[in-house]
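To start, the structure under review is shown below, and the notes come after it.
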Amino acid sequence: MGNIYQAKCPCGFKQIDLLQGYGINSRDISYELYQCENCHMLVNYELNQQVDSLFKPVHCPECKASMIRLPSETVQHQHPCPECKKETLTLSIVGLWD
């Protein structure tokens with residue numbers, strides 16, 4: 162089972178439906194959260210465990226810079242906001258998906 166996250170910043174930035182984890186019907190496919198090191202855009206990528214690797218470089222769809230994978234305990238930390246660039250973005254679990 163996976164988590165659904167919501168990203169929120171005091172500046173007003175909000176992003177919903179960020180997925181992380183495995184679905185109940187397929188253990189070969191997982192979603193991982195990534196954040197761009199440059200523009201701080203948040204995305205979830207679908208990874209096929211048979212083909213893709215967590216060590217494979219992932220590039221931002223917006224600015225093409227490198228992206229870093231956010232750990233599963235990401236809700237305990239603040240992150241840079243894509244809008245205001247301050248380290249005030251928080252992620253919270255708002256649901257489960259399968």
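Under this note's numbering, the sequence shown is numbered contiguously, ending at residue 259. Think of the CB as a built atom: it goes at the ideal place given N, C-alpha and C, for glycine as much as any other residue.
Top-ranked residue by Cα proximity to residue i, from the options
| i | options | result |
| --- | --- | --- |
| residue 252 | 197, 228, 238 and 206 | 238 |
| residue 176 | 223, 165 and 183 | 165 |
| residue 254 | 182, 173, 172 and 196 | 182 |
| residue 190 | 231, 229 and 180 | 180 |
| residue 220 | 194, 241, 234 and 173 | 194 |
| residue 259 | 174, 185 and 230 | 185 |
8 Å Cβ cutoff met for residue i and residue j
| i | j | result |
| --- | --- | --- |
| residue 170 | residue 257 | no |
| residue 243 | residue 202 | yes |
| residue 245 | residue 172 | yes |
Whole-angstrom C-beta distance between residue j and residue i, which should lie under 8 Å
| i | j | result |
| --- | --- | --- |
| residue 204 | residue 222 | 7 Å |
| residue 163 | residue 192 | 6 Å |
Coarse secondary structure for residue i, derived from DSSP in three states
| i | result |
| --- | --- |
| residue 181 | strand |
| residue 167 | strand |
| residue 239 | coil |
Buried versus exposed call for residue i [16 or more other C-beta atoms within 10 Å across all chains shown]
| i | result |
| --- | --- |
| residue 226 | exposed |
| residue 232 | exposed |
| residue 197 | buried |
| residue 228 | buried |
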